[in-house]
Structure formats: structure tokens, C-alpha cells
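Written below as C-alpha cells is the structure these notes are about.
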Amino acid sequence: MKTLPPGATIGILGGGQLGRMLASAAAALGYHTHILAPDAESVAAQTASSFTRADYHSRIVLDEMAARCDVVTYEFENIAIDPIDYLATRVPVHPAPAALAIAQDRSAEKSFVEALGARAAPWRRVETRAELDAAIAAIGTPAILKTLRLGYDGKGQMRIMAADQVGAAWHAIGERPAIVEQLIDFSHEFSILLVRREDGAMVSYPPPWNRHVDGILARSSLPAPIEIARHWGEAAALAGRIADMLGYVGVLACEFFATEDGPIFNEMAPRVHNSGHWTIEGAVTSQFENHVRAICGLPLGDTAPTAPQVEMENLVGAAGDRWADILAEPGAHLHLYGKGDARPGRKMGHVTRLARKDEIS
Ligand code: ATP
Ligand code: MG
1 MKTLPPGATI GILGGGQLGR MLASAAAALG YHTHILAPDA ESVAAQTASS FTRADYHSRI
61 VLDEMAARCD VVTYEFENIA IDPIDYLATR VPVHPAPAAL AIAQDRSAEK SFVEALGARA
121 APWRRVETRA ELDAAIAAIG TPAILKTLRL GYDGKGQMRI MAADQVGAAW HAIGERPAIV
181 EQLIDFSHEF SILLVRREDG AMVSYPPPWN RHVDGILARS SLPAPIEIAR HWGEAAALAG
241 RIADMLGYVG VLACEFFATE DGPIFNEMAP RVHNSGHWTI EGAVTSQFEN HVRAICGLPL
301 GDTAPTAPQV EMENLVGAAG DRWADILAEP GAHLHLYGKG DARPGRKMGH VTRLARKDEI
361 S
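For the sequence shown, my numbering gives the first residue as 1, with consecutive numbering after it.
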């Protein structure tokens, strides 16, 4: 496997906070970063070495990116596959387009992981109202209807609590191809973040307990309670099989529901993940640094926690305005993403709190 030494240039498709934190981690290891994103304001560009504001579909722009970068990665999964495929013919792209293609399609993703032995919520792919009716008859209610593609932060999802809500839910998601799945009665949600190199070397982080509010991650905390910890081994082994099967390179996030009967796979993201932001201060090596290490063929870093308790709180919407109070808190690590407009539901930053040994009762 080729090692890309510090001094090389990492291309990042996407201009959001994940790209911003990736670029900072890359800079700390002596790499240059180049952001490609269509938006005028890119919070990733603020911390990167260079920025091209352009559409992902221009061949001229992609050729230029391939020429100036030694490796390319991406920071969001709702990117079109064509530009990634095209780039991959000219420059190494990690994670590979095949992993992205699976993660972009909820039905492909669920079939893929079920074939590897995962348990997902009972689900059906539906393209028409009639198929949705039949699926609800088969799996029952409560259920959850999710667009096949382009969902994030709970967008493109509708709950169906009873059969008479089917029409409204179908209308609300835009009558598009979707999957419908049984609503799982879980005790906790958690995620496995693993990092894999091209030669198969792998490390993974201890799983955080993830709590969502309005479909958006609110908090990740460690150590996970026993309801999660007892599923850790099984879930991490599954994530490892997924990564091996895909020949995956980089950070892979897999979300799970903890239930009495074991872990239930929810979805995966072929990228660094919000439920791994705690690793910046809360783990020896952050997920961002480990992603850089993996795609550059460097040794992977230690994933052990740096404190007996770690909690990451997302600052969503107006919560970003609490920065002065957070800075006054001893030991709180504040991250603001440099976004101008604190719209409701927008991730403006996060704060990570580490408990010292003497603070644990
Ligand atoms: P993100 O990309 O932000 O992780 P998403 O929009 O892709 O989210 P999911 O992760 O599928 O969507 O769902 C968002 C949240 O909705 C989950 O974290 C969970 O809280 C809830 N949810 C999703 N599917 C189910 C289910 N089958 N049963 C119970 N709750 C569910
Ligand atoms: Mg999710």
C-alpha cells in the first residue's frame, strides 16, 4: 500500500463542518487540503488550504481537482455518484464509490447488511401507494416511511402510527420511491465508528449512546450504558464485515438500536460522523485524524477514550449563541462551525465535556 507522506494534498468534496474538521486534522499532520463545493460560503474552506467553488459535475473542475490532489475523499453522502466515479479514474478516491452507492440507497444498504448477517427492522421497498399499502399490511404499524435517497437528520421521513395515516405520509415524502420499516421499540441508540486501511488494518471506537431530538443528534455520551455495551462486540464485528466486504478505506459509521433481542442495524454513513465528534478531545486519536491516516496509508491511531466520561452536545440553531456560557465552563471544549445564520435545526457547533477521575462519583 502506498503511503502519502505529510506535505501531500487531500481533496475533500463538500464544504460543511465535517470537511472543516477534517481539514483541521489534516493540517495538524502537515497535509494540504483542497475543498470543492458549490456553495458561496463554505465553512470547510475557512480551515482548508484552498477552495474551488464549483458544481461537482464540471469535468474541467474535476480534472483540475485530480491534478492538484494526491487523494480525494468526501464529507457528505448525498453527493452524486458520477463525479466520484469520474474522479476515481484519475486519482485514488476513498471510501470507494461502491461503498457510497450502497449507503445512498436505503434498500441496497439494508439488503447488503442483511446478507452479512445483520438484523434490520422488518422493511419493504415501495414505489407506489399500492405497494405501500401492501407493505403496511405485511409489517404492521407503527412504521416509519423513509425516502430511498437523500435523507439526513430525519428529513424525508414520516411515521405511520396507524393505517389511516398512510396516505398523508406518502404525500408528505413526495410520493417517491421509499422504504417502509417497522418502528423499533429500542432502549438506546448507539453507533460504531470504525477505521480501515487499504491493507485491512482496522480499529474502532467504543460506542457512544446517541440521543436524538426532532430527528437530529442531540448528545453522544460514553461510556455507554450496559444496554449498549452488551451489544458492542456483535455490532463492531458486523461493522468490520461490512468494511472488509467493501474493501473500505477511511471512517465508516454504523448506527444501531439496542433492544432486548440484540442490536438492530439502522443505517451506515461512509464518512466521518456526528456521533464521533466526541473523539476530538475524548479519544487519543480523533475520527478526523484517523480518517486522514487511513486514506493516506499511515498507521491508525489509538481509539481509547482520554477520560472516564465523555459527552458531546450538539449546538443546534439558537443553542450556538450559548458560546459565552460554555467558554466559562471549566473543561468544556467548544467548537463553532463558522456558520452565519442560526436557522432552527441547523448544526452550529458542538461542545465536548470530559469528566476527570476525581469528578466521577
Ligand atoms: P441521520 O443521517 O441524521 O443519521 P437519517 O435522516 O438518515 O438520519 P435515520 O438514521 O434512518 O435517518 O433515522 C433518524 C432517527 O429516526 C433515528 O436515529 C431514530 O431515532 C429514528 N428512527 C429511524 N428509524 C427507526 C425505526 N425503524 N424505529 C424507530 N426509530 C427509528
Ligand atoms: Mg441516522
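All residues carry an ideal CB built from backbone N, CA and C; glycine is no exception.
Values in this document were obtained by computation on a predicted structure and should not be read as measured data.
Span of the alpha helix (DSSP H) around residue i
i      : result
PHE363 : Examination of residue 363 is not possible in this model, given that the chain is present from 1 through 361 alone.
SER42  : Element bounds for SER42: n/a, residue is neither H nor E.
GLN17  : 17-28
LEU327 : 323-327
ASP317 : It should be pointed out that residue 317 corresponds to Gly in this sequence rather than to Asp. No alpha helix (DSSP H) holds GLY317; DSSP gives it neither H nor E.
GLY167 : 166-172
ALA304 : Neither: ALA304 is in no alpha helix (DSSP H) and is coded neither H nor E.
ILE10  : Premise fails: ILE10 lies in the beta strand (DSSP E), 9-13, not in any alpha helix (DSSP H).
Alpha-carbon to alpha-carbon, residue j and residue i
i      : j      : result
HIS212 : ALA218 : 5 Å
ALA239 : GLU255 : 10 Å
VAL284 : THR306 : 6 Å
ALA25  : THR73  : 14 Å
VAL71  : ASP341 : 32 Å
GLY301 : HIS333 : 21 Å
SER42  : ASP105 : 26 Å
ARG241 : ALA253 : 13 Å
THR147 : TRP170 : 10 Å
ARG293 : LEU29  : 9 Å
ALA324 : VAL272 : 28 Å
GLU175 : GLU127 : 8 Å
Simplified DSSP state of residue i, which is helix, strand or coil
i      : result
LYS155 : coil
PHE76  : coil
LEU336 : strand
PHE256 : strand
ARG353 : strand
MET161 : coil
GLU181 : strand
ALA135 : helix
ARG53  : strand
ALA143 : strand
Continuous beta strand (DSSP E) stretch holding residue i: start and end
i      : result
SER191 : 188-196
ILE35  : 32-37
beta-carbon residue i near the ligand HEM non-hydrogen atom, thresh 7 Å
i     : result
TYR74 : Looking at this structure, you won't find the ligand HEM anywhere; what it does contain is the ligand ATP and the ligand MG.
TODO: With a floor of 4 residues, list each alpha helix (DSSP H) that falls wholly inside the stretch 198-284, ordered by position along the chain.
DONE: 226-229, 232-246 and 279-282
- [ ] Mind listing, in chain order, the continuous beta strand (DSSP E) runs of no fewer than 3 residues lying wholly within the stretch 79-133?
- [x] 123-126
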